[in-house]
Amino acid sequence: MNSLVGKRCTITGGSRGIGLAIARLFAAEGAACTLIGRNMESLTSAKESLEQNHDTQIHDIASFDVSLVNGWEKLMADTKKENIDILVNAAGISQNSFLFKTSTPDIDKLVATNLMGTIWGCKNIVPRMMRQRNGCIINVSSLLASHGGRGSTVYAASKAGVVGLTRAMAWEVGRFGIRANVLLPGYIQTDMTKGMDENGELSALIPMGRLGLAEEVAEAALFLAKSSYAHNCVLNIDGGLSAT
Ligand SMILES: NC(=O)c1ccc[n+]([C@@H]2O[C@H](COP(=O)([O-])OP(=O)(O)OC[C@H]3O[C@@H](n4cnc5c(N)ncnc54)[C@H](OP(=O)(O)O)[C@@H]3O)[C@@H](O)[C@H]2O)c1
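What the sequence shown shows, in this note's numbering, is residues 760 to 1003, in sequence order.
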């Protein structure tokens, strides 16, 4: 297993939830993290929380909307001398409406954030990793990419796209020493699932009997970051929900 000491890691959605849990664990393993999100206040407090515990690394933040390619282009221009060893695409938004009731702007925003945001991240950072002849990409999809779910058609389509993107890219980039893997979390306790399990009905559907923790997804991401032969993994981390 490789150490993350000295590695530079870019994490979208790093201000909260799963992205922040990954940043915390990667920082604890020695990585320096650049956190990306839209809200500057939550990015700043996330960076402070990393620095309180891991003040030996220099962490950074960048505030932009991942669905807009020019944000990515600016990030690449601003960091052109830096290596980027690990890219985690965790920024995402959810849906809770039937397709026929979902507005056109909301559909656009779901696809633009979850799928296009991941495509832009990979398109912009892969050339940097090719230059280094080394890199690791971890995309965060969802169990809903492969399992049906009411009220999540566009979300599911965007996340299935992330799986397709990752697998096709694994073929393209492996020969440059770049690994590409994708996580499929089930239901994880974050802002995204707030209020979804108030009466325990959701937990009752999950073989492990509870929602997962962001830290548990971060452990799976750490395995993908460290294992030098993990490439094209499609890794469920769902408390067994995919078995039902
Ligand atoms: N929680 C679950 O049960 C679950 C299950 C399966 C998959 N996932 C996936 O896991 C990832 C993280 O989810 P989470 O539960 O941690 O969600 P969360 O707590 O709501 O956090 C979402 C993160 O994404 C950022 N973000 C959202 N839209 C963005 C945009 N357009 N540009 C830049 N940053 C953006 C948010 O920051 P700002 O709002 O400041 O931009 C925040 O940092 C998502 O891709 C989600 O689909 C979650």
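Just so you know, even glycine gets a beta-carbon here, dropped at the ideal spot from N, CA and C. These figures come from a predicted structure and were not determined experimentally.
Fully enclosed by the region 843 to 894, which alpha helix (DSSP H) runs are 4 residues long or longer?
DSSP runs (the alpha helix (DSSP H)) wholly in the region 843 to 894: 863 to 869 and 876 to 891.
Taking the alpha-carbon of GLY945 as reference, which of VAL976, GLU960, PHE935 and LYS953 has the nearest alpha-carbon?
The residue with the shortest Cα to Cα distance from GLY945 is VAL976.
Let me know the secondary structure DSSP gives GLY1004 once reduced to three states.
This structure leaves residue 1004 out entirely; the chain is present only between 760 and 1003.
Could you tell me whether any non-hydrogen atom of ligand 3 is closer than 7 Å to the CB of ARG783?
Ligands in the displayed structure: ligand 1; ligand 3 is not one of them.
Using 10 angstroms around the beta-carbon of ARG909, count the other beta-carbons present and answer buried if the total reaches 16, otherwise exposed.
With fewer than 16 Cβ atoms within 10 Å of its Cβ, ARG909 is classed as exposed.
Return yes when the C-beta of LEU924 is under 7 Å from any heavy atom of ligand 1, and no when it is not.
LEU924: no, Cβ never under 7 Å from ligand 1.
Is the Cβ-Cβ distance between ALA805 and SER774 less than 8 Å?
Result yes, Cβ atoms of ALA805 and SER774 sit closer than 8 Å.
Please state whether DSSP places GLY796 in a helix, a strand or coil.
Reduced to three states, the DSSP call for GLY796 is strand.
Would the C-beta of THR803 count as close to ligand 1, meaning under 7 Å from any of its heavy atoms?
Incorrect: THR803 has no Cβ contact closer than 7 Å to ligand 1.
Between the Cα of VAL941 and those of ALA927, VAL922, GLU957 and ALA1002, spot the shortest distance and give me the residue it belongs to.
Ranking ALA927, VAL922, GLU957 and ALA1002 by Cα distance to VAL941 puts VAL922 first.
Relative to the C-alpha of LEU794, which residue among VAL764, TRP831 and SER905 is closest?
Checked all of VAL764, TRP831 and SER905; the closest Cα to LEU794 is TRP831.
Out of ILE770, VAL932 and SER986, which one is the CA nearest neighbour of ARG892?
Per the Cα distances, VAL932.
With H, G and I counted as helix, E and B as strand and the rest as coil, what does DSSP make of GLY971?
Strand.
Taking the Cβ atom as the reference point for each residue, do THR949 and ALA850 lie within a distance shorter than 8 Å?
For THR949 and ALA850, no; Cβs fall outside 8 Å.
For the region 923 to 930 and the region 874 to 888, state whether three or more C-beta atom pairs, one from each stretch, are separated by less than 8 Å.
Yes, they touch.
Ligand 1 and LEU981: does the residue's C-beta get closer than 7 Å to at least one heavy atom of that ligand?
Not under cutoff, so the answer is no.
At 3 residues or longer, and completely inside the region 922 to 946: list those beta strand (DSSP E) runs for me, N to C.
You should have 937 to 944.
Taking 8 Å as the threshold (C-beta atoms), are LEU961 and ILE996 in contact?
Not in contact: ILE996 and LEU961 (Cβ atoms no closer than 8 Å).
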